[in-house]
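> In this note's numbering, the protein residues as written are 7 to 241. In this text, a Cβ means the ideal position worked out from N, Cα and C, and glycines have one as well. My structure is below; once you've seen it, I'll send some questions.
Here it is, written out as structure tokens:
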């Protein structure tokens with residue numbers, strides 16, 4: 007779409023397509039009208055005509071991707087907060103394959119709201135068997151995974167007590183401290199926030215993945231597989 011076409015759409019008084027109307031609303035926190043849809047996020051809301059045009063294009067591309075089995079393309083076309091939902095729409099079709107593992111790892115690493123979808127992520131990770139964990143990793147990560155001791159300490163930084171039973175830990179205690187401070191700050195004044203460092207132990211055989219791509223030395227493990235041995239307030 008060229009600049010001229012975009013400008014024309016911006017000036018149009020075309021209303022939103024009826025199927026898109028529920029996704030346009032006033033956000034009281036942002037104090038503005040926004041548009042939030044799996045294929046388009048527009049903050050602030052700009053132009054109904056432009057949203058309609060983008061939606062029609064992306065909807066057609068999505069249908070093409072799904073029809074051809076290009077699941078990676080379908081996920082990339084989807085806005086970040088909705089990519090896990092998109093993956094779960096078709097994950098049964100690729101369960102037990104290398105493609106499943108690669109897609110799951112990509113969506114996880116790209117996600118910014120893991121804590122909001124714990125049940126969904128538990129379902130995803132429960133489908134990864136010990137025999138195909140290698141597919142989750144790049145070569146460097148898999149080498150690091152294999153070098154992990156059979157039993158070792160892991161750390162988790164949280165900002166509220168309710169976040170104790172999470173899926174994401176780290177082998178880097180300094181990174182966990184950083185997350186504790188960050189999560190407490192993000193919790194805001196309306197919640198009883200406190201930076202807390204958790205220390206646990208885990209068996210290597212229970213570790214689902216060891217991701218290095220974001221510099222977080224991240225251990226993915228189901229909460230019940232972690233033995234919590236220490237809780238330290240960082241106030």
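1. Rounded to whole angstroms, what is the Cα-Cα separation between residue 215 and residue 83?
2. Between 102, 51, 172 and 47, which has its C-alpha nearest residue 142's C-alpha?
3. So residue 177 and residue 225 are in contact, right, with Cβ under 8 Å, and what is the actual spacing, rounded?
4. On the criterion of 16 or more Cβ atoms from any shown chain inside 10 Å, does residue 172 qualify as buried, or is it exposed?
5. In the DSSP assignment, find the beta strand (DSSP E) that holds residue 251 and state where it starts and stops.
6. DSSP three-state label for residue 58, please.
7. Jot down the residue ranges of each uninterrupted beta strand (DSSP E) in the segment 109-173, minimum 3 residues, whole runs only, in chain order.
8. I need the straight-line Cα distance from residue 144 to residue 17, nearest angstrom please.
9. Report, in whole angstroms, the separation of the C-beta atoms of residue 71 and residue 79, which I expect to be a contact under 8 Å.
10. Once you ignore the five residues that flank residue 114 on each side, which residues in its own chain have a CB closer than 6 Å to its CB?
11. In the DSSP output, what is residue 239 paired with across the bridge?
12. If you drop the 5 nearest sequence neighbours on each side, which residues of the same chain put their C-beta closer than 8 Å to that of residue 92?
13. Going by beta-carbon coordinates alone, are residue 192 and residue 237 separated by less than 7 Å?
14. Just list the residues that DSSP pairs residue 32 with in beta bridges.
15. Can residue 24 and residue 54 be called in contact, C-beta distance under 7 Å?
16. Going by Cα to Cα distance, which pick from 29, 230 and 19 is closest to residue 128?
17. Considering Cα atoms alone, identify which of 209, 14 and 126 is closest to residue 59.
18. Closest to residue 35 by CA distance: which of 26, 46 and 50 is it?
19. For a quick check, are the C-beta atoms of residue 150 and residue 163 less than 7 Å apart?
20. For a quick check, are the C-beta atoms of residue 41 and residue 33 less than 7 Å apart?
21. Give me the residue from 140, 118 and 126 with the minimum Cα distance to residue 105.
22. When the Cα of residue 199 is compared with those of 207, 170 and 227, which residue comes out closest?
23. For residue 224, which of helix, strand or coil comes out of DSSP?
24. Can you check DSSP and say which residues form a bridge with residue 47?
In short:
1. Working through the chain shown from its first residue, we reach residue 215 at position 209. Working through the chain shown from its first residue, we reach residue 83 at position 77. In a straight line, the C-alpha of residue 215 is about 26 Å away from that of residue 83.
2. Looking up residue 142 in the chain shown gives position 136. If we check each option's Cα against that of residue 142, 102 comes out closest.
3. Counting from one through the chain shown, the residue named residue 177 turns up at place 171. Counting from one through the chain shown, the residue named residue 225 turns up at place 219. Sure, about 6 Å apart at Cβ, within 8 Å.
4. As a working mapping, residue 172 is identified with position 166 in the chain shown. With 16 or more other Cβ atoms within 10 Å, it is buried.
5. Only positions 7 to 241 of the chain appear in the structure, and residue 251 is not among them; the question remains open.
6. On the chain shown, position 52 is the one that residue 58 refers to. DSSP places residue 58 in helix when its eight states are reduced to three.
7. 157-164
8. Counted from its first residue, the chain shown places residue 144 at position 138. Counted from its first residue, the chain shown places residue 17 at position 11. Taking the straight line from one Cα to the other gives about 47 Å.
9. If you number the chain shown from 1, residue 71 lands on position 65. If you number the chain shown from 1, residue 79 lands on position 73. Contact flag correct, Cβ pair sits at about 4 Å.
10. To locate residue 114, count along the chain shown from 1; it is residue 108. Same-chain partners within the cutoff: there are none.
11. As a working mapping, residue 239 is identified with position 233 in the chain shown. According to DSSP, which records beta bridges pairwise, residue 239 is partnered with 202.
12. Reading the chain shown from its first residue, position 86 is the one you call residue 92. Excluding positions up to five away in sequence, the list reads 44, 80, 81 and 84.
13. As a working mapping, residue 192 is identified with position 186 in the chain shown. As a working mapping, residue 237 is identified with position 231 in the chain shown. Taking 7 Å as the Cβ cut-off, residue 192 and residue 237 do not qualify as a contacting pair.
14. Start at 1 with the first residue of the chain shown, and residue 32 comes out as number 26. In the DSSP output, where bridge partners are listed per residue, residue 32 has 39.
15. Within the chain shown, numbered from 1, the residue matching residue 24 stands at position 18. Within the chain shown, numbered from 1, the residue matching residue 54 stands at position 48. No.
16. Within the chain shown, residue 128 is the residue found at index 122, counting from 1. Ranking the options by Cα distance to residue 128, first place goes to 230.
17. Reading the chain shown from its first residue, position 53 is the one you call residue 59. When each option's Cα is compared against that of residue 59, the closest is 14.
18. As a position in the chain shown, residue 35 is number 29, starting the count at 1. Of 26, 46 and 50, the residue nearest in Cα terms is 50.
19. Numbered from its first residue, the chain shown carries residue 150 at position 144. Numbered from its first residue, the chain shown carries residue 163 at position 157. No, they are not a contact pair.
20. Looking up residue 41 in the chain shown gives position 35. Looking up residue 33 in the chain shown gives position 27. Not in contact: residue 41 and residue 33 (Cβ atoms no closer than 7 Å).
21. Translated into the one-based positions of the chain shown, residue 105 becomes position 99. Nearest C-alpha to residue 105: 140.
22. Along the chain shown, one-based indexing puts residue 199 at 193. Answer by Cα proximity: 170.
23. As a position in the chain shown, residue 224 is number 218, starting the count at 1. Reduced to three states, the DSSP call for residue 224 is strand.
24. Here residue 47 refers to the residue found at position 41 of the chain shown. DSSP output for residue 47 lists 42 as bridge partner(s).
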